[in-house]
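Heads up: the sequence shown begins at 2 in my numbering, then just goes up one per residue.
No residue lacks a Cβ here, since even glycine has one placed at the ideal position from N, Cα and C.
Values in this document were obtained by computation on a predicted structure and should not be read as measured data.
Let me begin by presenting the structure, written as structure tokens, before commenting on it.
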Amino acid sequence: MSCVEGKLLVASPQLQDPNFFRSVIFMVRHDEEGAYGLVLNRPTNQCVGTVMEMLLECPCHRRGHIMFGGPVEGPLVVLHDSPSSADIECGHDLYLASCQDRVRDLMMDDKARVLIFDGYSGWGPGQLEEEMKVGGWLVADTDVAELFGDCDEIWERALRRIGRGIIACATGHIPMPPDPNLN
Numbered sequence: 002m003s004c005v006e007g008k009l010l011v012a013s014p015q016l017q018d019p020n021f022f023r024s025v026i027f028m029v030r031h032d033e034e035g036a037y038g039l040v041l042n043r044p045t046n047q048c049v050g051t052v053m054e055m056l057l058e059c060p061c062h063r064r065g066h067i068m069f070g071g072p073v074e075g076p077l078v079v080l081h082d083s084p085s086s087a088d089i090e091c092g093h094d095l096y097l098a099s100c101q102d103r104v105r106d107l108m109m110d111d112k113a114r115v116l117i118f119d120g121y122s123g124w125g126p127g128q129l130e131e132e133m134k135v136g137g138w139l140v141a142d143t144d145v146a147e148l149f150g151d152c153d154e155i156w157e158r159a160l161r162r163i164g165r166g167i168i169a170c171a172t173g174h175i176p177m178p179p180d181p182n183l184n
């Protein structure tokens, strides 16, 4: 099995499933029991502050939108960078929280970077491997700054990184750093 846990799953341009068209998924778990991930580039119309104030019954000044994590229903989960509020460790100094007390702490912590997801992307045993085998998904390393950045261009940026890696492998060349002074 090709484990993609902690990596980005990038929808290939050929993938036409409307749930995943041009999507980028942070893979939280991938093992013999299946796979679990969160779509990074599908904001909903729900405002974080409004939803969190209703759920937590306290003021929330966070901006942004709740993300569509995938087509499988589940509790709201928060992907974040605060180890003290972790329910699950995801690698790359990233964590998940769904426990209400931890979510409340994260909403009050202005220093914590957070993404809030409604739903998730899930695959049964062997299902993701089959989809990868037929070319539905590409794999990219996780760039944490990009993960918390503008979600509108994450798919294109991930494809460019994957393409540069393929060209470098095919030609035997090591990609040049963006700044020649770093040589």
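Hey, out of the options, whose CA is closest to residue i's CA?
i	options	result
Met-1	His-62, Val-145, Asp-142, Asp-88	Summary: the structure shown does not reach residue 1, with the chain confined to residues 2 through 184, and so no result is reported for it.
Pro-76	Gly-35, Asn-46, Leu-95, Gln-101	Gln-101
Glu-154	Gly-38, Pro-126, Gly-65, Arg-43	Arg-43
Glu-74	Gly-38, Arg-165, Val-52	Gly-38
Val-78	Thr-45, Tyr-121, Asn-46	Tyr-121
So, does the CB of residue i fall closer than 8 Å to a CB anywhere in chain B?
i	result
Lys-112	You won't find chain B in this structure, because it holds only one protein chain.
For the alpha helix (DSSP H) containing residue i, list its first residue and its last residue.
i	result
Val-52	49-57
Leu-148	145-148
For residue i, write down the residues that DSSP places opposite it in a beta bridge.
i	result
Phe-27	Leu-9, Leu-39
Pro-44	Met-68
Need the endpoints of the beta strand (DSSP E) that residue i sits in, please.
i	result
Phe-69	66-69
What separation, rounded to the nearest whole angstrom, lies between the Cα atoms of residue i and residue j?
i	j	result
Gly-92	Ala-98	14 Å
Asp-119	Ile-67	7 Å
Gln-128	Lys-112	38 Å
Glu-6	Pro-19	23 Å
Leu-1	Glu-147	There is no way to answer for residue 1, as the model of the chain reaches only from 2 to 184.
Arg-114	Gly-137	30 Å
Asp-142	Glu-54	34 Å
Glu-58	Asp-106	13 Å
His-81	Leu-95	6 Å
Glu-131	Pro-60	45 Å
Gly-50	Phe-69	16 Å
Val-11	Thr-45	20 Å
Original post:
At what residue ranges does the region 75-141 contain a whole run of the beta strand (DSSP E), taking only runs of 3 or more?
Top reply: 78-81, 89-92, 95-98, 115-119, 122-124, 138-141
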